[in-house]
Each structure stands twice: as C-alpha cells, then as structure tokens.
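Residue numbers (this note's numbering): 31 to 200.
Note that beta-carbon positions come from the ideal geometry of N, C-alpha and C, so glycine has one too.
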C-alpha cells in the first residue's frame with residue numbers, strides 16, 4: 031500500500047481497539063473452552079462485559095474517524111491487493127460491530143459496568159436471547175480469524191521490508 035499516514039487519534043483508537051478486542055476474544059474463548067474455576071469464569075465475564083460496554087463509544091468514534099478519513103469511495107483505480115486490504119479492514123469493522131451489538135442483545139440480565147452503572151437487558155424473550163448468543167459466538171469466531179489474518183499480514187509486510195508498524199506508533 032502507498033504511504034498512508036495516520037493521525038495520533040487514529041493510532042490511539044487502533045491500539046485501544048486492539049487491546050480490548052484481543053483481551054475479550056482470548057479471555058472469552060479461554061474460559062469457554064478450558065475448564066476454569068467458576069469464580070474465574072464469572073470474573074472474566076464481568077470484566078469483559080464492563081470493558082466492551084465502555085468500548086462501544088470508542089468504537090463508534092473509531093468508525094466515524096475511519097469514514098471521515100476515507101479519501102476515496104472509488105476503489106477501481108487501486109491495485110487488487112490494496113482493494114482486498116481495504117475490504118478486509120472494513121469487514122473487521124463490520125464483524126466487530128456485530129460482536130458488540132449481539133453482545134448487548136444476548137444479555138439475559140442487566141449489563142453491569144464495573145458495579146457502577148447497570149443497564150437493563152434489552153430483550154426478555156429467551157428465544158431471541160439464545161439466537162443472539164449463537165450469532166455472537168460465531169461472530170467472535172469470525173473476528174478471531176480476521177484478527178489472526180490481520181496480524182499475519184502485518185508480520186508478512188514487516189518481513190518484506192514494508193514497515194507497517196512504523197506508521198502505527200506515537
């Protein structure tokens with residue numbers, strides 16, 4: 031890709047997003063797949079609900095900054111690999127939005143944000159709560175795959191001498 035510079039805000043939002051998404055995905059899958067003490071599972075769930083609920087406004091800001099900063103709606107003049115990379119970034123945003131939305135809609139109890147704020151569960155129908163839970167799990171799997179591909183692409187670029195990470199430091 032051509033030399034695209036990122037603003038300080040874009041860089042900050044990227045690394046906050048990376049930290050929250052990696053933590054929530056890895057810890058969430060860990061306690062779901064590996065047998066852990068119920069207290070640990072409960073604590074991870076509490077932290078994940080709190081952190082991701084607080085992340086939603088950050089993610090909305092990140093979407094706004096990304097859309098506002100996109101210079102070209104026409105992708106046809108760009109090389110195929112640049113268009114593919116752009117499409118992958120957009121799909122990461124989309125799947126992240128699905129994960130966050132279904133994470134809210136699957137809640138069968140109030141959303142507890144660090145015992146400071148309690149937001150009522152948006153749905154009461156167990157059928158719909160279960161459906162959104164299933165969508166949430168599959169969206170998390172898709173997001174984990176996309177994040178792994180994203181990290182692999184960064185490593186590939188770095189190994190080929192394209193210093194992508196240099197653009198993402200403060």
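Cβ pair residue i, residue j closer than 9 Å
| i | j | result |
| --- | --- | --- |
| residue 36 | residue 198 | yes |
| residue 50 | residue 74 | no |
| residue 159 | residue 151 | yes |
| residue 176 | residue 118 | yes |
| residue 153 | residue 135 | yes |
| residue 43 | residue 91 | yes |
| residue 88 | residue 122 | no |
| residue 59 | residue 174 | yes |
Residue i - DSSP class collapsed to helix/strand/coil
| i | result |
| --- | --- |
| residue 45 | helix |
| residue 185 | helix |
| residue 148 | strand |
Whole-angstrom distance between residue j and residue i, CA atom to CA atom
| i | j | result |
| --- | --- | --- |
| residue 76 | residue 109 | 44 Å |
| residue 194 | residue 65 | 38 Å |
| residue 84 | residue 190 | 37 Å |
| residue 70 | residue 116 | 38 Å |
| residue 172 | residue 186 | 21 Å |
Spatial neighbours of residue i in its chain, beta-carbon cut-off 7 Å, leaving aside the 5 residues before and after
| i | result |
| --- | --- |
| residue 79 | 141 and 142 |
- Runs of beta strand (DSSP E) lying entirely within the region 65–138, each at least 3 residues, in chain order: none
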